[in-house]
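Down below is the structure, laid out as structure tokens.
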Amino acid sequence: MAVVAQSSRFSKLFWPVLAWTVALVFFFPIFWLIFTSFKTDADAVKPDHLIFFKPTLENYINMTENYDYWRFAINSVITSTFATVLALVVGVPAAYAMAFNPTRHTKDVLLWMLSTKMLPAAAVLYPMTFLTKNFLDIYDTHFLVILVLCLINLPIVIWMLFTYFKEIPKEIIEAGKMDGVSTWGEIKDILIPLAWGGVASTALLCFIFCWNEAYWTVRLTTTEASTLSKLIEGNRAPEGLFFGRLSAVSTAAVAPIIVLGWFCQKQLVQGLTFGAVK
Amino acid sequence: MAKRTLPRLLQAPAVLLLLLWMLIPLSMTLYFSFIRYVLNSLRKPEWTTPSLSNWRGLGNYEYVLFNAKDFWFAVQNSVFIVTSILLLTVALGLAIALLVNRSFPGRGIVRVLIISPFFVMPAVNAVLWINMILDPVLGLNGLAVEGLNGLVAGLREFPLLGGFFSLWPEIEPISFRATQTSAYAVIMMVTWQWTPFAVLIFMTSLQSEDQQQKEAAILDGANAWSQFRNLTLPHLARPIAIVLMIQAIFHLSLYAEIEIVSRGNGNKNLPYLIGDFATNNIGAASATGIFAVILANIVAIFLIRMVGKSLMD
């Protein structure tokens, strides 16, 4: 009550307006990207047409012709999806074991997994190129991209799943054991249905990270398995000749992920802070 | 017996995969860092295949530390960029989280708008900022400065005030493609992307703040600043530490933004320098890589000490 009594008319108006202003400032670059995507390349660099212009869809219609957008988009979808599935297939059993049969090493194993995330990718760039090009002959294949995306996200996936699984009462799993349910049955029929929300948001977040990854996908592919990151990176357009079409293809690359991201805001916090902030 | 074996078996694939992923490339990097290994050499063709007979000992490290001109600059620049981003995101994140934590009309939409930048892919982030926003001629940066100059020129025409405005110089837009300024550009775009992350985490944490304690403090006549200083900030200590840790992990290996903003203009960080070396001198690239690992480990040990314990309970 005291708070209400203190807040003046001024602050009632001021703080919301400030909050809205901050929100619009933060969203503005994305808005500008989408806005520019409806301009022709010529209009996009004319100050006269900064705000008023004749909107066109030609940048979107010509996306395939200009950039071969769909090929890269399909590569992104394939690699991100399979990497996520693979990470879950490997991660769910591991997190299950750690959450329900912890040993005194579990904590160390988890921290060690996290530490693999801290290994700077650039430090192993050349060995990776060397191995995959000269030795395993899987350079620039979907298989390689899927594997690498899975590996770099595996620690976070296991951490997230672990924090979700830990919340489930042990007794439920024990009861399943008493009834003679197999381990696979426990995971499939008891654990996954109970932790469904957690598994889904883990998958969603992993997918987003895979989609946005821009080191290995750029460095370990040339054409065959290149994703959208590589497409954008390769068309940075320093001369500003193609702002319109570049905006369209960029919008098409980020819009689906931003929308997905809106749905998993809450889980993002728990996932990225390893359950330490709730 | 089975009670212990099964959990181990279930963890085995994950542990093995991560172990291989870490050990194989890293031991190769370590090996390459001790030999002479270049991709093209007319003078010494034997150096183009990795072999123990090209042993160089600590020579690559010496070369990187004392002869390669960019190494120390890249280290400094990495640290400068990461530190600036950490400070800015935490400060902005705190301010915005406190701002959005009150209830007001449209709060849900405000949250959605603020969080959006976090999901933009880094490559798009960099292309968007450096071209459409920061470009000194065609970007909004250039257009804004041009508009301002036009406005001043217009004001000069006025009879009385004109004399005052004619003293104003024409402003030059800042180009963000020089070495120093492009580091600022990178800091700006990454801060834009990661402040939402800090906001999200601080906001979540603020919701679990003890309201009764706060009301008691208000009744005791504590002003807003001392409430923040003595109640909110201690409550946020752990989230702040976590935000610092996660961001440090991500930003030490910052690459896409540097690559797009700085190609050829000297704004290097360690990952970029390694890429530079790796076009020919693999020995030097590997030695630099080992330095990057050491730097990351120093930060990681420090941070895990700070946060690691509290993660588990």
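Heads up: the protein sequence lines correspond to chains A and B, in order. Going by the working numbering, the residue at position 12 of the first sequence is 12; the numbering climbs one at a time, nothing skipped. Numbers given in the working numbering equal positions in the second sequence, counted from 1, plus 1000. Note that the Cβ used here is the ideal one computed from N, Cα and C, for glycine as well. Quick caveat: nothing in here was measured; it's all calculated off a predicted structure.
Find the residues of chain B that neighbour Trp211(A), judging by a C-beta separation of less than 8 angstroms, and give them in chain order. Met1121
Contact residues within the segment 181-214 of chain A, judged by C-beta distance below 8 angstroms to chain B: Thr183, Ile208, Trp211, Asn212, Ala214
Among residues of its own chain, excluding the 5 on either side of Ile258(A), which ones have a beta-carbon nearer than 8 angstroms to its beta-carbon? Ile30
So, with DSSP's three-state summary, where would you put Ile344(A)? With chain A represented from 1 up to 278, any question about residue 344(A) goes unanswered, as that position is not in the structure.
May I have the straight-line CA-CA distance separating Ala2(A) from Ala123(A), to the nearest angstrom? Model confidence at Ala2(A) stands at a pLDDT of 42, short of 50, so the residue's coordinates are unreliable; what they give is reported in the following sentence. Taking the straight line from one Cα to the other gives about 57 angstroms.
Less than 6 angstroms between C-beta atoms, sequence neighbours within five positions excluded: which residues of the same chain meet that for His1235(B)? Excluding sequence neighbours, His1235(B) sits near Glu1209.
Closer than 8 angstroms, CB to CB, is Ile258(A) near chain B or not? Yes, because at least one Cβ of chain B sits closer than 8 angstroms to the Cβ of Ile258(A).
Where the alpha helix (DSSP H) through Gln1180(B) begins and ends: 1179-1206
My output table needs one value for Val45(A): the three-state DSSP class, helix, strand or coil. coil
Shorter than 8 angstroms from the beta carbon of Arg1229(B) to some beta carbon of chain A? Against chain A, the CB of Arg1229(B) has no partner CB under 8 angstroms away; the residue lies outside that interface.
Let me know if Leu136(A) comes out buried or exposed under the rule of 16 or more other beta-carbons within 10 Å of its beta-carbon. exposed
Could you tell me whether any Cβ in chain B is nearer than 8 angstroms to the Cβ of Thr273(A)? yes
Residues in its own chain within less than 7 angstroms of Trp1055(B) by CB, not counting five upstream and five downstream? Phe1034, Ile1035
Apart from the five residues just before and just after Asn1191(B), which ones in its own chain have a Cβ nearer than 6 angstroms to its Cβ? Per the sequence shown, the amino acid found at residue 1191(B) is Thr instead of Asn. Ile1085, Leu1088, Thr1089.
Are the segment 1156-1163 of chain B and the segment 1290-1300 of chain B in contact at 8 angstroms, needing three or more beta carbon pairs? no
Which partner residues of Trp184(A) appear in the DSSP bridge assignment? DSSP output for Trp184(A) lists no bridge partner at all.
Starting from Ser1116(B), find everything on chain A with Cβ-Cβ shorter than 8 angstroms and list it in chain order. Phe26, Phe27, Ile30, Ile258, Gly261, Trp262
C-alpha distance - Ala97(A) paired with Gln1193(B), whole-angstrom precision: 35 angstroms
Please report the distance separating the alpha-carbon of Trp1129(B) from that of Lys46(A). 18 angstroms
Do the CB positions of Arg236(A) and Asn66(A) come within less than 8 angstroms of each other? no
Of all the residues that make up the segment 168-180 of chain A, which are near chain B by a beta-carbon distance shorter than 7 angstroms? none
Does the separation of the CB atoms of Ala1183(B) and Ile1081(B) fall below 8 angstroms? yes
Taking 7 angstroms as the limit between beta carbons, can you name the residues of its chain near Phe955(B), skipping five residues before and five after? Nothing in the structure corresponds to residue 955(B), since chain B is present only between 1001 and 1313.
Proximity test, Cβ basis, 8 angstroms: Gln267(A) and chain B: no
What do you get for Met1001(B), buried or exposed, if any count of 16 or more other CB atoms within 10 angstroms of its CB means buried? For Met1001(B), the predicted structure reports a pLDDT of 44, less than 50, and the residue's modelled location is therefore unreliable. A value from the coordinates is still provided. Result: exposed.
Entirely within the segment 1256-1286 of chain B and at least 4 residues each: give me those alpha helix (DSSP H) ranges in chain order. The DSSP assignment places 1256-1262, 1270-1278 as complete runs of the alpha helix (DSSP H) inside the segment 1256-1286 of chain B, in order along the chain (cut-off: 4 residues).
Under three-state DSSP, which class holds Val1075(B)? Taken through DSSP and simplified to helix, strand or coil, Val1075(B) comes out as helix.
Runs of 4 residues minimum, wholly inside the segment 1209-1241 of chain B: which ones carry the alpha helix (DSSP H) assignment? Complete alpha helix (DSSP H) runs here, min 4: 1211-1219, 1224-1227.
Between Leu144(A), Glu167(A), Ser80(A), which lies nearest to Leu131(A) when the distance is taken from Cα to Cα? Leu144(A)
Counting only beta-carbon separations shorter than 8 angstroms, does Leu1148(B) have a partner in chain A? The C-beta of Leu1148(B) comes no closer than 8 angstroms to any C-beta of chain A.
Output needed for Leu260(A): all residues of its chain with C-beta closer than 8 angstroms, excluding positions within five of it in sequence on either side, in chain order. Leu204, Phe207, Ile208
Neighbour-count burial assignment, Leu147(A), 16 or more Cβ in a 10 Å radius: buried
So with CB distances below 7 angstroms, who are the chain B contacts of Lys117(A)? Ile1249
Could you name the residues of chain A that Trp1021(B) contacts, counting a contact when the two beta carbons are closer than 8 angstroms? Thr116, Leu151
Assigned exposure category for Leu13(A) - 16 Cβ within 10 Å defines buried: exposed
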